[in-house]
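In the UniProt record's numbering, the protein residues as written are 1 to 266.
Built from N, CA and C at the ideal position, the CB exists for glycine as well.
Structure, as structure tokens:
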Amino acid sequence: MPKYELSGLDAAVHGRIVTVALLALGACQPVFSSSLPFVVLAAVVALLLGLWLRHADAPEAKDAVVLVFFLYVVGLIPVVGLWPIGPAIAIAITAVISARAGRLRRWRDWLRVGRLDGITWVTVAAVAGVSVVGLLLWQSVFDGQLPETYQQLIESVSVPVAVTGALGFAIVNGAIEDSIFFGILLTPMLRYFPPRWAVGLTALAFGLAHFHGVPSGVMGVILAGSWAVMLGYLRTRTGGMFATYLAHIVADATIIAVLIPPLLMG
Numbered sequence: 001m002p003k004y005e006l007s008g009l010d011a012a013v014h015g016r017i018v019t020v021a022l023l024a025l026g027a028c029q030p031v032f033s034s035s036l037p038f039v040v041l042a043a044v045v046a047l048l049l050g051l052w053l054r055h056a057d058a059p060e061a062k063d064a065v066v067l068v069f070f071l072y073v074v075g076l077i078p079v080v081g082l083w084p085i086g087p088a089i090a091i092a093i094t095a096v097i098s099a100r101a102g103r104l105r106r107w108r109d110w111l112r113v114g115r116l117d118g119i120t121w122v123t124v125a126a127v128a129g130v131s132v133v134g135l136l137l138w139q140s141v142f143d144g145q146l147p148e149t150y151q152q153l154i155e156s157v158s159v160p161v162a163v164t165g166a167l168g169f170a171i172v173n174g175a176i177e178d179s180i181f182f183g184i185l186l187t188p189m190l191r192y193f194p195p196r197w198a199v200g201l202t203a204l205a206f207g208l209a210h211f212h213g214v215p216s217g218v219m220g221v222i223l224a225g226s227w228a229v230m231l232g233y234l235r236t237r238t239g240g241m242f243a244t245y246l247a248h249i250v251a252d253a254t255i256i257a258v259l260i261p262p263l264l265m266g
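Structure (structure tokens):
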């Protein structure tokens with residue numbers, strides 16, 4: 001099969017189309033994961049994008065295709081497809097395939113600590129503070145709640161198990177969401193878009209993905225999207241994931257502190 005060759009302009013345009021399509025598919029998976037027709041369509045689109053990129057010089061986009069495809073496939077499996085278990089499996093599969101293709105070493109471009117200077121720590125503290133205030137307002141003004149599936153799960157176990165599970169969720173969820181949106185999906189976006197556009201579009205996708213998450217609804221999309229702009233800024237400024245992950249952990253810990261105690265005392 002002939003090598004995928006395009007002029008510089010065409011390659012850039014095609015790269016932007018593909019990366020935005022992947023970002024959109026990634027954002028829609030948590031929202032439409034229960035709709036089988038949409039899941040099948042999205043998986044087919046991701047597969048077609050992968051075939052289109054097969055001979056392209058776009059290793060980061062290829063990993064994004066694999067991730068998006070398996071997000072939808074694994075998401076169909078009962079229980080295992082529950083967030084963040086399903087996405088964690090999808091990331092693991094992506095890592096294995098990327099390693100076999102000789103692309104995994106490129107993950108070091110984002111899967112590292114990054115620069116931790118004074119400005120970084122101040123920014124992390126500011127992002128954490130904004131996250132806490134935003135989540136408290138969402139819970140008090142808009143009566144924010146956990147999704148019903150998680151409420152039932154928490155109410156069905158003992159308090160020690162619920163607390164341990166919630167803390168474990170916060171630690172794992174931050175790593176999974178950050179790896180998906182600010183690692184595997186943002187990296188190809190930064191190749192084809194200026195940083196501000198790449199971060200802005202990724203933040204929009206992150207916000208949309210939270211429509212049925214925490215925070216949820218239209219206000220949840222706005223809050224999560226705005227918050228993701230700050231997380232994306234940390235990722236691009238530091239060149240790594242630690243600062244982004246740390247700010248994410250604070251937000252998830254706030255969710256646990258605000259939403260879970262009423263369920264345990266009910």
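Do residue i and residue j have their CB atoms nearer than 9 Å?
| i | j | result |
| --- | --- | --- |
| R115 | T238 | yes |
| E177 | P87 | yes |
| A46 | C28 | no |
| A99 | K62 | no |
| A198 | A209 | no |
| G144 | P30 | no |
| L22 | V65 | yes |
| D109 | T187 | yes |
Kindly indicate which residue of the options has the alpha-carbon position closest to the one of residue i.
| i | options | result |
| --- | --- | --- |
| V229 | S98, N173, F142 and A128 | A128 |
| R191 | D57, S34 and L25 | D57 |
| P147 | T187, G220, V44 and H248 | G220 |
| L76 | G217, V39, Q145 and I180 | V39 |
| S131 | W227, H212, I222 and P194 | W227 |
| G50 | F206, L259, H14 and L136 | H14 |
| L264 | G165, T187, A247 and P30 | G165 |
| L48 | V68, S34 and S35 | V68 |
| F70 | P59, S179, A90 and G81 | A90 |
| I255 | S179, A95 and V133 | V133 |
For the alpha helix (DSSP H) that contains residue i, what are its first and last residues?
| i | result |
| --- | --- |
| M189 | L186 to Y192 |
| V79 | Taken as a continuous stretch (DSSP letters only), V79 belongs to no alpha helix (DSSP H), as it is neither H nor E. |
| F242 | F242 to M265 |
| P84 | P84 -> no alpha helix (DSSP H), and no H or E assigned at all. |
| F206 | P195 to A209 |
Using three-state DSSP, classify residue i as helix, strand or coil.
| i | result |
| --- | --- |
| V159 | helix |
| S216 | coil |
| L111 | coil |
| V172 | helix |
| D57 | coil |
| P147 | coil |
| H14 | helix |
| L223 | helix |
| D117 | coil |
| R103 | coil |
| residue 267 | There is no way to answer for residue 267, as the model of the chain reaches only from 1 to 266. |
| F142 | coil |
| P30 | helix |
| G134 | helix |
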